[in-house]
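Numbering (the numbering used here), first residue to last: 80 to 412. Where is the CB? At the ideal position from N, CA and C, for every residue including glycine. Have a look at the structure below, then the notes.
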């Protein structure tokens, strides 16, 4: 055994988890492979994460929250893998990881069903006026004689991003009798559904616009004031993807003016949002705290997949290329 190998074998591998404690199965899996888990406080700054990484000489990062920028990635010379507890990697500097040839691995479809179910739950809540009716009844009103509701059957569910989550949301919407219109610049359709390459076409016909695309430079503020103006005044926006896909200031204006009927948001441009965010004053907004992927099965799947990704890299096994977010590493191999 050479000196480098001896030094590595004497070192206890350490993973920094940015956020809440992992499910028990993932904790046991890491421990059984001799990997020590170090938890960073929820929503730690990049500076805080870099300090922990430097002090603990971490070998891996399991990303739940926080921004993993170049300073974090450069903080530990032992860092060999970054695993995302989910699918979105917009909070990880992929270029900085690639510069050090560190793979960034996502959890494949681990939370897809959970996110899709929340999108449909929010859709039903909006279309059926669950929140305003609840508020009215608890406030002493009984609007039964004046209320006229909407039909889900026949309404158009517009899917923006026809990946794994978008496809599952579309399937659930079809089960409720809704028609589906989908936009994606690259995804293929099916025998039953043609995927449009024109976002405007879908926005114009949809009764619900449900966002399921990743956040990247091309999709930042994809839903702008111009795009919101294309929607029907009776239509709703549902965002269970990333907050910055929507221009929040433009959305607030559209909701205030009545150019769209309402919105349900599970993610925001800044998280957690400010206590005085103007959205909170709007009666046609439904908000949840970025919990689309927080079902029991999703949390288990994401944590176990992420832990296994880390173990595979640290122990020198081949990982699933489909999970690799910084695809330039494949070309460079």
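Under 9 Å, do residue i and residue j count as touching if we go by C-beta distance?
| i | j | result |
| --- | --- | --- |
| residue 415 | residue 114 | This structure leaves residue 415 out entirely; the chain is present only between 80 and 412. |
| residue 197 | residue 298 | no |
| residue 101 | residue 377 | no |
| residue 199 | residue 162 | no |
| residue 300 | residue 284 | no |
| residue 160 | residue 392 | yes |
| residue 233 | residue 287 | no |
| residue 307 | residue 330 | yes |
| residue 22 | residue 293 | Residue 22 lies beyond the range of the chain shown here (80 to 412); nothing can be said about it. |
| residue 108 | residue 119 | no |
| residue 194 | residue 137 | no |
For residue i, name the three-state secondary structure that DSSP assigns.
| i | result |
| --- | --- |
| residue 165 | coil |
| residue 177 | helix |
| residue 403 | strand |
| residue 144 | coil |
| residue 117 | strand |
| residue 237 | strand |
| residue 93 | strand |
| residue 395 | coil |
| residue 205 | helix |
| residue 342 | strand |
| residue 361 | coil |
| residue 184 | strand |
| residue 102 | coil |
Which whole-angstrom value describes the C-beta separation of residue i and residue j, a residue pair presumed to lie in contact below a C-beta threshold of 8 Å?
| i | j | result |
| --- | --- | --- |
| residue 252 | residue 275 | Not quite, the Cβ-Cβ distance comes to about 16 Å (not below 8 Å), so this is no contact. |
| residue 190 | residue 322 | At roughly 17 Å, the Cβ-Cβ gap does not stay under 8 Å, so residue 190 and residue 322 are not in contact. |
| residue 231 | residue 404 | Contact flag wrong, Cβ pair sits at about 36 Å. |
| residue 186 | residue 385 | 6 Å |
| residue 96 | residue 116 | 6 Å |
| residue 317 | residue 358 | Incorrect: roughly 14 Å between the Cβ atoms, too far for contact. |
Discussion item. Measuring CB atoms only, is the region 171-190 touching the region 325-343, in the sense that at least three cross pairs come out at less than 8 Å?
Written reply: No, the region 171-190 does not touch the region 325-343.
Worksheet entry | Ranges of the beta strand (DSSP E) found wholly within the region 287-318, counting only runs of at least 3 | Counting only runs of 3 or more, we get 287-290, 315-318.
Discussion item. Would the region 358-370 count as touching the region 103-117 if we require 3 or more Cβ pairs under 8 Å?
Written reply: Touching, no, given that fewer than three Cβ pairs across the two stretches are closer than 8 Å.
Worksheet item: In chain order, which alpha helix (DSSP H) runs of at least 4 residues are fully inside the region 244-287?
Response: Those alpha helix (DSSP H) runs which fall completely within the region 244-287 and span 4+ residues are 278-284.
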